[in-house]
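Student: In this note's numbering, the protein residues as written are 23 to 499. For every residue, glycine included, the Cβ atom is placed at its ideal position computed from N, Cα and C. This structure is a prediction, so every number in the text was calculated from the model and none was measured.
1) Going by other Cβ atoms of all chains shown within 10 Å of its Cβ, with 16 needed for buried, is residue 25 buried or exposed?
2) If you follow the alpha helix (DSSP H) that residue 348 is in, where does it begin and where does it stop?
3) How big is the Cα-Cα spacing for residue 247 and residue 80?
4) Within 10 Å of its beta-carbon, does residue 157 have 16 or more other beta-carbons around it, so buried, or fewer, so exposed?
5) If you scan the region 101 to 170 from start to end, which runs of the beta strand (DSSP E) of 3 or more residues do you find wholly inside it?
6) Scan the region 418 to 460 and note each continuous beta strand (DSSP E) run of 3 residues or more that stays entirely inside, going in chain order.
7) To the nearest angstrom, how far is it from the Cα of residue 395 to the Cα of residue 331?
8) Which class does residue 273 belong to by DSSP, given the choice of helix, strand or coil?
9) Looking at C-alpha atoms only, which residue of 224, 116, 284, 197 is the closest neighbour of residue 209?
10) Hey, how far is the Cα of residue 368 from the Cα of residue 425?
11) With 16 as the cutoff for other CB atoms within 10 Å, does residue 188 come out buried or exposed?
12) Touching or not, the region 177 to 184 and the region 138 to 153, by the rule of three or more beta carbon pairs under 8 Å?
13) Between which residues of its own chain and residue 159 is the CB-CB distance below 7 Å, once the five residues before and five after are set aside?
14) Can a CB atom of chain C be found closer than 8 Å to the CB of residue 154?
15) Could you tell me which uninterrupted beta strand (DSSP E) segments, each at least 3 residues in length, are contained entirely in the region 291 to 336, listed from first to last along the chain?
16) How many Å lie between residue 69 and residue 374 at the Cα?
17) Return helix, strand or coil for residue 249, following the three-state DSSP convention.
18) Can the beta-carbon of residue 93 be found less than 8 Å from the beta-carbon of residue 131?
19) Pick helix, strand or coil for residue 495, following the three-state DSSP scheme.
20) Does the structure place the region 428 to 445 close enough to the region 264 to 282 that three or more beta carbon pairs sit under 8 Å?
21) Give the straight-line distance between the Cα atoms of residue 217 and residue 171, rounded to the nearest whole angstrom.
22) Looking at the secondary structure, which residues open and close the beta strand (DSSP E) in which residue 472 lies?
23) For residue 417 versus residue 434, is the C-beta spacing smaller than 8 Å?
24) Among residues of its own chain, excluding the 5 on either side of residue 412, which ones have a beta-carbon nearer than 6 Å to its beta-carbon?
25) So for residue 219, helix, strand or coil by DSSP?
26) Using the beta-carbon count (16 or more within 10 Å), is residue 484 buried or exposed?
27) Less than 8 Å between the C-beta atoms of residue 507 and residue 259, yes or no?
28) Whole angstroms are fine: how far does the CA of residue 267 sit from the CA of residue 252?
29) Compute the Euclidean distance between the alpha carbons of residue 294 and residue 76, then round it to the nearest angstrom.
30) Give every residue of the same chain whose Cβ lies closer than 6 Å to the Cβ of residue 487, excluding the five residues on either side of it in the sequence, and list them in chain order.
31) Buried or exposed: residue 490, going by 16 or more other Cβ atoms within 10 Å of its Cβ?
32) Does the distance from the C-beta atom of residue 310 to that of residue 376 stay below 8 Å?
33) Beta-carbon separation of residue 126 and residue 177 under 8 Å?
34) Quick one: residues in its chain with C-beta nearer than 6 Å to the C-beta of residue 443, no 5 flanking neighbours on either side, listed in chain order?
35) Indicate the three-state DSSP secondary structure (helix, strand or coil) for residue 396 in the structure shown.
36) Which residues in the same chain as residue 250 place their Cβ atom closer than 6 Å to its Cβ, once the five residues preceding and following it in sequence are excluded?
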């Protein structure tokens, strides 16, 4: 463990203004859902214009409803032939945007693929394509086409609203759900599975992998970051001041983890995996489920945290969360989306809360995070939103921050998912409603701020580039 990590007092980079205020306002607004702005259905068309971009209009193509003045481009659909000869895998999921060559945007995109769906495979049952990928695959599954997840990388021209290139960039993994960008220009992709090797698979799964954000068409080395543990990974967020990686676990009884690397920016050099605990309240349950019988975790109250060292982190019995909880770690309800903003780590718990509509927490790292002085000045955990109205928010998943400071939430409710914005004053507005049965995932803005990218996971999987008068939010903010 590195005890000489830089103090937070010297942080003056990679800040995104307004996120903390946005979440504080959101929890206030959740207590007054009767004043909801931007709810689903009729409420959206009657009031979203007050704080958002206006009523959401029907899409003639039946894909996604957007406000007036907004349009979208759809591209890179499941099964399409990519520029490197592979096919676009299915189950489009987490994603991040990076600066690309000549003003373009690079997108590194996850594919939450499980075995048995050859129609959505990057190989399309082709042994020739499989053999091309084999030297670069994490798990070749005894020659079967079982591990068809991974990542693809896209180059998109925001000025001309055109896909320039897409290619396969990580092969041989499974259920690549979410992840997170790093300050050094890579994407950490996470496997949301803990399947073991055996008759079908050659290797255990449940790891994180690092993928460079590059326009060069090539498959990245598929080396698992075993120091980040083996569990049902969901998302990560990296603190740029320390290179510490925070990780969520998509389980009803999951933990919140942090990976303290031995060498900042060098994830494969090893490090220490720890789980968050509430100081002086070991094994605290944060889910606020009535059947738990514990006192509610309070809203908007920073509570001192501490971190517990974990052992046997590859957990062959998938018991890491149980062992951590027994040692005092806090328990969370399906930790999913995660984002770093303005010195804080925000993360979504999809079915947390008394009505199980979702919670969003904020972890504020110590000025001396992961150093010997941390115990005297600990980081804090706050519950910022617990939704009690599904029209307000439900099944919160991927998080990102808009260029003007509003927080953007992707919902993961396959029946009626929305993209929800939160203003610094705590008002909600809906940017989009999916008009079909599919999860929305991977929301992120282009570096130039003109385009919101989002994935439609199925029917078919595809990526959308949404453009419109975003500047109206900048002006009103």
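Tutor: In terms of the structure at hand:
1) Its pLDDT being 39, under 50, residue 25 is placed unreliably by the model, and the measurement read from it follows with that caveat. Per the 10 Å Cβ criterion, exposed.
2) DSSP places residue 348 inside the alpha helix (DSSP H), whose first and last residues are 342 to 348.
3) 44 Å
4) exposed
5) 114 to 121, 127 to 133
6) List check, beta strand (DSSP E) in window: 418 to 423, 429 to 433, 440 to 444, 450 to 456.
7) 16 Å
8) Residue 273: coil per DSSP, three-state reduction.
9) 116
10) 17 Å
11) Counting other Cβ atoms within 10 Å of its Cβ, residue 188 reaches 16 or more and is therefore classed as buried.
12) no
13) Around residue 159: 169, 193, 194, 244.
14) Note that chain C does not occur in the displayed structure, where there is just one protein chain.
15) 325 to 331
16) Any reading at residue 69 must be qualified, since the residue scores a pLDDT of 25, below 50, and its modelled position is unreliable; no value is offered.
17) helix
18) no
19) helix
20) No: fewer than three Cβ pairs fall under 8 Å.
21) 14 Å
22) Looking at the DSSP string, residue 472 is not in any beta strand (DSSP E), and its letter there is neither H nor E.
23) In this structure, residue 417 places its C-beta atom within 8 Å of the C-beta atom of residue 434.
24) 379
25) coil
26) buried
27) The structure shown does not extend to residue 507, since the chain is modelled only from 23 through 499, so no value can be given for it.
28) 15 Å
29) The straight-line gap from Cα to Cα measures roughly 47 Å.
30) 95, 473, 475
31) buried
32) yes
33) yes
34) 428, 430, 451, 453
35) helix
36) The answer, listed in chain order, is 230, 281.
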